[in-house]
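**Student:** Can you keep this structure in mind? I'll have questions shortly.
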Amino acid sequence: MVYPLAISIALLFLGARASPVQQSTVSTNSLLQRNPSSALGTGYKSCDALVAAGLEDAVFFPPDAEYEASITSYYSIAVQQLRPWCIVRPETSDQVSRALTALVASSPAGSWDIAVRGGGHSHFASNNVANGVTIDLSRMNSTVYNVDSQIAAIGPGSRWGSVYSEVEKYGRSLTGGRLGSVGVSGLVLGGGISFHTGTRGFSCDAIRNFEVVLSNGSIVNANEGENADLFKALKGGSSNFGIVTRFDMETFEAAPGGIYGGGLRYAYEHKMAILNQLVRVTDMNHEHPEDAMPVAFISSGSGPTTISVNTVNTLGNENSTSFAPLAAIPNIGDTRKRLSYGQLITAAPDDGGERTVWFSICFQNKMEVLTKLMDLYDAFVEDLGQAIPGGNLTIQFILQPLPKHYSQPKRAGGGGGGNVLGLEKTLTQNSIIWNAIVKVQTVEQEALARTRLAALVANLEAFADLNDASTPWRFLNYVNPAQDPIKSYGEENVKFLKEVAAKYDPQGIFQTRVSGGFKLSRVS
C-alpha cells in the first residue's frame, strides 16, 4: 500500500531549513518511517533488538509498504486486522536465527509475543500477533530442484502453486497440497493430505530433511541420520520445536500426459446418491489408491445448496471404475480434464479475504452418520441463513475419504523415520474427514457462526459415539482452536513429542513466547 500524504509530509520536512523545533519534528517523522533511528529507538525494545542485530533492512513498521504487503496477504481478514509492533521479513536462515536470538534475548516483561508466519493461509490467528513481533518468512519462497538427488529444497514461505510450477519444469511431481494458495510450512508440519496420499502417504512423509532454527539460534538439520527424533516430531508435531527454514522434499516422475481431475456439480436433490458413492469410493480405495474424491456441500444460506464432487485420478485415467457410477447421476456442470497437478490446484484459487470459522472431526464411513450430518446441515443452513444477511455468508461442509490404508507407510522400501500422527492405532476402520468452513464478514457474524458450529460438532460427535462410529483422530490442518488434535495422536506420541520439545527447546520458548498453533504444554 502507498501512503502519499505521509510521504509528502516527510519530503516537505526534509526539504525545509529546520529550526531547532523543526529538527525535533524531523527526527520524530523519521521514526515513523521504515527502519526508525536506532539512536532514538522505536519505543519497542523487541523491535530495537532486531535493528541492533543488523536486521534494519528487514524490519518494517506501519505504514511501510512492506508492512502492509505482509498484513494484506494473510488468508483470513481476522488475522489481517492484527497489527504487530513491527514485522521482520528475513531472506535467509541466518537472518531467521539472528531475529529469533534477538527476540528471545529481549525481556518478555509486559505482555508481548512472537508470531511466525509461513504461507499465511491459517484460518485463525496462529501466525500473527497484535502485541509483539511477527517473523514473516514469505520472502523465503524459492523452490530449488536438484536433478541428481531428485530433491526439491522448498522455502518456508512458499505456497504449493509456485512449488509445483517449478518442479513440473523437470517433469517431476511431489506429495504436496491440493490448493495452490496453501502454504507449505503449515500443511507439512500438520501432516498434510495430498491427492497422492493414497499411493505415497502424507505430505510430511515425503520430507527427507528439515533445516530448523532452534530457540537458542542454532541452525540444525533433522533427518533419518541426524537429529532423527526431531525429524519424526516435525512430521505432524506442528510449530513446537523451532522455525523450519527449509523443507527438502522427495519428488517423483509426474504422470505422463498429466493427471485427470476436476469437478462435477450436482443439485442438492441428489445428496443421498452422492453420499452412497462417497461411501463406496472410500471402501474400495485400497484397490484404487490413485483415486481421490472430496465432496463439498456449499450454501450461501439463502439460495439452494449445490454439491461439488472433485474426482482426481493421479495416473491420468479418465475411466476409473471408482467414479464410473457417477455418470448415472445427472450433473449440472463438469470441469474434468487432463492437466498437470499444478494446473489442477491453481484452477480454483482461494485467496481468502473473509472471516472464517473451521471445525473438523473424523468418523467411520457409515451411511447413518452421513445421514445425521445432512440433517444437522439442513438445520444449520436454515438457522444461519436467517441470522446472517444474504451475500455475507458461505457454508461449506466438505467430506473426504480417510480409508484405513492411509495409516500404512507408503514410502517405497519402507523407512522414512515415521510420523507422529498415530493413525496406525486410531484409523482402524475406513473413515471420513469432515471439514466445516463458514465464511462471514463481521466479528459478530463470526462469533455467531462459531457458537452454532461448535454445538453442531458436539451433536455429531455424540451421535457417532452412540452408534459406535467414532474415529478419534483429528486432522490438525483443519481443526478449530477449541479442539485438541495433538492429543488424538495417542498417549505414546504425545509423550514422545514433549520429550523432543524439552530436548531441543529446554527453555520452552515455543511453548510460552511464540504464540499460535497447538501447544504441547497444553495437552494433558
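Under mature numbering (1 follows the signal peptide of the UniProt record, and there is no 0), residues -18 to -1, 1 to 506 are what the sequence shown spells out, in order. Every residue gets a Cβ at the ideal spot worked out from N, C-alpha and C, and that includes glycine.
If you count every other CB in all the chains shown that lies within 10 Å of the CB of A204, and 16 or more means buried, which is it?
**Tutor:** Taking the sequence shown and counting its residues from 1, one reaches residue 204 at position 222. Buried is the call here.
**Student:** Excluding the 5 residues flanking D447 on each side, which residues of the same chain have their C-beta closer than 8 Å to its C-beta?
**Tutor:** As a working mapping, residue 447 is identified with position 465 in the sequence shown. The answer is none, since no qualifying residue turns up.
**Student:** Under 6 Å Cβ to Cβ from G153, same chain only, skipping five residues before and after it: list those, please.
**Tutor:** Taking the first residue of the sequence shown as position 1, residue 153 is located at position 171. Cβ neighbours of G153 beyond the five flanking positions: A236.
**Student:** Could you give the distance in angstroms between the alpha-carbon of P238 and the alpha-carbon of R262?
**Tutor:** On the sequence shown, position 256 is the one that residue 238 refers to. On the sequence shown, position 280 is the one that residue 262 refers to. So the two alpha carbons sit approximately 28 Å from each other.
**Student:** Given a threshold of 16 other Cβ atoms within 10 Å of its Cβ, counted over all protein chains shown, does E193 qualify as buried or as exposed?
**Tutor:** Locating residue 193 in the sequence shown gives position 211, counting from the first residue. It is buried - the Cβ of E193 has at least 16 other Cβ atoms within 10 Å.
**Student:** Which of the three DSSP states is assigned to L161 in this structure?
**Tutor:** The residue given as residue 161 occupies position 179 in the sequence shown. Reduced to three states, the DSSP call for L161 is coil.
**Student:** Grouping DSSP H, G and I as helix and E and B as strand, with all else coil, what is L171?
**Tutor:** Reading the sequence shown from its first residue, position 189 is the one you call residue 171. Reduced to three states, the DSSP call for L171 is helix.
**Student:** Please state if the CB of W340 and the CB of H105 are separated by a distance shorter than 8 Å.
**Tutor:** Here the question's residue 105 lines up with position 123 in the sequence shown. Here the question's residue 340 lines up with position 358 in the sequence shown. Yes.
**Student:** Of the choices E150, S389, N209, Y486, whose alpha-carbon is the least far from that of T125?
**Tutor:** If you number the sequence shown from 1, residue 125 lands on position 143. If we check each option's Cα against that of T125, E150 comes out closest.
**Student:** By the three-class DSSP mapping on this structure, what secondary structure does A107 have?
**Tutor:** As a first step, residue 107 must be located in the sequence shown, where it is residue number 125. Coil, per DSSP.
**Student:** Using DSSP bridges, identify the partner residues of K319.
**Tutor:** Position 337 of the sequence shown, counted from the start, is the residue given in the question as residue 319. K319 is bridged to G243.
**Student:** Would you mind sorting A306 into buried or exposed? The rule is 16 or more other CB atoms within 10 Å of its CB.
**Tutor:** On the sequence shown, residue 306 is found 324 positions in, with the first residue counted as 1. Exposed.
**Student:** Nearest CA to the CA of T179: which residue from S79, V422, L297?
**Tutor:** Position 197 of the sequence shown, counted from the start, is the residue given in the question as residue 179. Ranking the options by Cα distance to T179, first place goes to L297.
**Student:** Assign N417 to one of three DSSP states: helix, strand, or coil.
**Tutor:** In the sequence shown, counting from the first residue as 1, residue 417 sits at position 435. Strand, per DSSP.
**Student:** Flag this pair as yes or no: are the beta carbons of L442 and L366 separated by less than 8 Å?
**Tutor:** What you label residue 442 is simply residue 460 of the sequence shown in a count that begins at 1. What you label residue 366 is simply residue 384 of the sequence shown in a count that begins at 1. Not closer than 8 Å, so no.
**Student:** Roughly how many angstroms separate the alpha carbons of V294 and G23, rounded to a whole number?
**Tutor:** Locating residue 294 in the sequence shown gives position 312, where the first residue counts as 1. Locating residue 23 in the sequence shown gives position 41, where the first residue counts as 1. Rounded to whole angstroms, V294 to G23 spans 55 Å at the Cα level.
**Student:** Would you kindly report the start and end of the unbroken alpha helix (DSSP H) that includes L403?
**Tutor:** If you number the sequence shown from 1, residue 403 lands on position 421. First-last for L403: undefined, no H or E at that position.
**Student:** What's the gap between the Cα of E148 and the Cα of Y127?
**Tutor:** Locating residue 148 in the sequence shown gives position 166, counting from the first residue. Locating residue 127 in the sequence shown gives position 145, counting from the first residue. Rounded to whole angstroms, E148 to Y127 spans 8 Å at the Cα level.
**Student:** Tell me whether the stretch 379 to 387 and the stretch 404 to 414 touch, counting them as touching only if at least three CB pairs, one residue from each stretch, are closer than 8 Å.
**Tutor:** Because the criterion of three Cβ pairs below 8 Å is met, the stretch 379 to 387 and the stretch 404 to 414 touch.
**Student:** Please report how far the alpha carbon of P312 lies from the alpha carbon of R247, in whole angstroms.
**Tutor:** For the purposes of this step, residue 312 is identified with residue 330 of the sequence shown, where counting begins at 1. For the purposes of this step, residue 247 is identified with residue 265 of the sequence shown, where counting begins at 1. Approximately 9 Å, taken between the alpha carbons.
**Student:** Do the stretch 95 to 111 and the stretch 41 to 49 touch if we need at least three Cβ pairs shorter than 8 Å?
**Tutor:** Touching, no, given that fewer than three Cβ pairs across the two stretches are closer than 8 Å.
**Student:** Which residues in the same chain have their Cβ closer than 7 Å to the Cβ of V170, if we skip the five residues on either side of it in sequence?
**Tutor:** Taking the sequence shown and counting its residues from 1, the one referred to as residue 170 is at position 188. If we look at V170 and ignore the five residues flanking it on each side, its Cβ neighbours are S185, C186, I189, F229.
**Student:** Please tell me whether G245 has its Cβ less than 8 Å away from any Cβ of chain D.
**Tutor:** The structure shown has no chain D; it contains just one protein chain.
**Student:** Give the list of continuous alpha helix (DSSP H) stretches no shorter than 4 residues that lie fully inside the stretch 251 to 275.
**Tutor:** The qualifying runs are 253 to 265.
**Student:** Roughly how many angstroms separate the alpha carbons of T353 and G158, rounded to a whole number?
**Tutor:** Translated into the one-based positions of the sequence shown, residue 353 becomes position 371. Translated into the one-based positions of the sequence shown, residue 158 becomes position 176. T353 and G158: Cα-Cα distance of roughly 32 Å.
**Student:** Nearest-angstrom Cα distance between D487 and A34?
**Tutor:** Taking the first residue of the sequence shown as position 1, residue 487 is located at position 505. Taking the first residue of the sequence shown as position 1, residue 34 is located at position 52. Spanning the two alpha carbons is a distance of roughly 24 Å.
**Student:** What do you reckon, are the CB atoms on A274 and F345 nearer than 8 Å?
**Tutor:** Position 292 of the sequence shown, counted from the first residue, corresponds to residue 274. Position 363 of the sequence shown, counted from the first residue, corresponds to residue 345. No.
**Student:** Mind listing, in chain order, the continuous beta strand (DSSP E) runs of no fewer than 3 residues lying wholly within the stretch 38 to 121?
**Tutor:** With a minimum length of 3 residues, the continuous beta strand (DSSP E) runs that stay inside the stretch 38 to 121 are 68 to 70, 95 to 99, 114 to 118.
**Student:** Find out if the Cβ-Cβ distance for the pair G162, R182 is shorter than 8 Å.
**Tutor:** Taking the first residue of the sequence shown as position 1, residue 162 is located at position 180. Taking the first residue of the sequence shown as position 1, residue 182 is located at position 200. No.
**Student:** Go ahead and label E272 buried or exposed: buried means 16 or more other beta carbons lie within 10 angstroms of its beta carbon, across all protein chains shown.
**Tutor:** Translated into positions along the sequence shown, residue 272 becomes position 290. E272 comes out buried.
**Student:** Mapping DSSP to helix, strand and coil, what is A134?
**Tutor:** For the purposes of this step, residue 134 is taken as residue 152 along the sequence shown, with counting starting at 1. It is a strand residue.
**Student:** Could you give the C-beta distance for V70 and V115, rounded to a whole number, given that I count them as a contact under 8 Å?
**Tutor:** Counted from its first residue, the sequence shown places residue 70 at position 88. Counted from its first residue, the sequence shown places residue 115 at position 133. So it is a contact: roughly 6 Å between Cβ atoms.
**Student:** Tell me which same chain residues have a C-beta within less than 7 Å of the C-beta of Q489, skipping the five on either side of it?
**Tutor:** As a first step, residue 489 is located in the sequence shown; it is residue number 507 there, counting from the start. Here the set comprises S197.
**Student:** Could you give the DSSP three-state label for F362: helix, strand or coil?
**Tutor:** For the purposes of this step, residue 362 is identified with residue 380 of the sequence shown, where counting begins at 1. Of the three classes helix, strand and coil, the one that applies to F362 here is helix, per DSSP.
**Student:** Counting C-beta neighbours from all protein chains within 10 Å, is the total for S108 16 or more, i.e. buried, or is it exposed?
**Tutor:** In the sequence shown, the residue the question calls residue 108 occupies position 126. By the neighbour-count rule (16 or more Cβ atoms within 10 Å), S108 is buried.
**Student:** Which of the three DSSP states is assigned to F478 in this structure?
**Tutor:** Translated into the one-based positions of the sequence shown, residue 478 becomes position 496. Here F478 sits in helix by DSSP.
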